[in-house]
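All remarks here apply to the structure that follows.
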Amino acid sequence: MKIPPCESLFHYERDWWVRGFKKIAGVDEAGRGPLAGPVVAACVVFDRHVRIDGVFDSKFLSPSERERLYEEIVSSCLSYGIGIVDNNVIDQLNILNATKIAMQMALEKLNCEIDCVFVDGNIGFPLSVPVLPIVKGDQKSFTIACASIIAKVTRDNLMQELHLEYPHYGWNQNKGYPTRMHREAIKKFGLSPYHRKSFNVL
Numbered sequence: 007m008k009i010p011p012c013e014s015l016f017h018y019e020r021d022w023w024v025r026g027f028k029k030i031a032g033v034d035e036a037g038r039g040p041l042a043g044p045v046v047a048a049c050v051v052f053d054r055h056v057r058i059d060g061v062f063d064s065k066f067l068s069p070s071e072r073e074r075l076y077e078e079i080v081s082s083c084l085s086y087g088i089g090i091v092d093n094n095v096i097d098q099l100n101i102l103n104a105t106k107i108a109m110q111m112a113l114e115k116l117n118c119e120i121d122c123v124f125v126d127g128n129i130g131f132p133l134s135v136p137v138l139p140i141v142k143g144d145q146k147s148f149t150i151a152c153a154s155i156i157a158k159v160t161r162d163n164l165m166q167e168l169h170l171e172y173p174h175y176g177w178n179q180n181k182g183y184p185t186r187m188h189r190e191a192i193k194k195f196g197l198s199p200y201h202r203k204s205f206n207v208l
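Heads up, the sequence shown is in the working numbering, so the first residue is 7 and it goes up one at a time.
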């Protein structure tokens, strides 16, 4: 897929800027679908004049593109936050509630005031500022797309670290997602402490 020009991702931001919402936090997550590892949420806030070419839904970017953009995003933003919820909490609360907690954790780590929140998908949660869920927001909003890149890079790096501890599951490649190789490794070696036991792992 050809990555659209950066300026095309500001429809929602422009609409809310003219309504007086100057500092918009974009929120997205990575890791709702894997069989192992945490769910990671990120939020990010920019000055309205910042533009970063190549930003889009992290799933459509190569690892090297994500890494490059991650560095540019975190060095260009006003503030960003990351929330990480592990597999044990996911098993206790379910993935939807764990995702909401991760998003709220990420928002709490911001060190600047915000006027509203754009969040990817149809997830809403109560905040003291307006929250706008945007389905496929990581393809429609610059701010959410940047959050998706931060979340994806952070989680991928975490799975690389866990791979060193349990290399036979191939987490350096599949990042915990249910590939055939991952399922076969579970059948052969059983579950690790990082697997989500509430998921259909076999």
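Cβ atoms here follow ideal geometry from the backbone N, Cα and C, with glycine treated the same way.
Note that the coordinates shown come from a computational prediction; the quantities given were computed from them, not determined experimentally.
By a C-beta neighbour count over all protein chains shown, 10 Å radius and 16 as the cutoff for buried, is residue 40 buried or exposed?
buried
Local conformation of residue 168 per DSSP, three classes
helix
Residue 69: first and last residue of the uninterrupted alpha helix (DSSP H) it sits in
69-82
With residue 9 as the anchor, note down where its beta strand (DSSP E) starts and where it stops.
No beta strand (DSSP E) holds residue 9; DSSP gives it neither H nor E.
Beta carbon of residue 82 nearer than 8 Å to that of residue 51
no
In this structure, how does DSSP classify residue 200 when only helix, strand and coil are distinguished?
Residue 200 falls in the coil class under three-state DSSP.
Write down every uninterrupted run of the alpha helix (DSSP H) in the segment 37-64 whose length is 4 residues or greater and which is fully enclosed by it, in chain order.
none
Report the three-state DSSP secondary structure of residue 219 (helix, strand or coil).
What the structure shows of the chain is the stretch from 7 to 208, and residue 219 is not part of that stretch, so it cannot be assessed.
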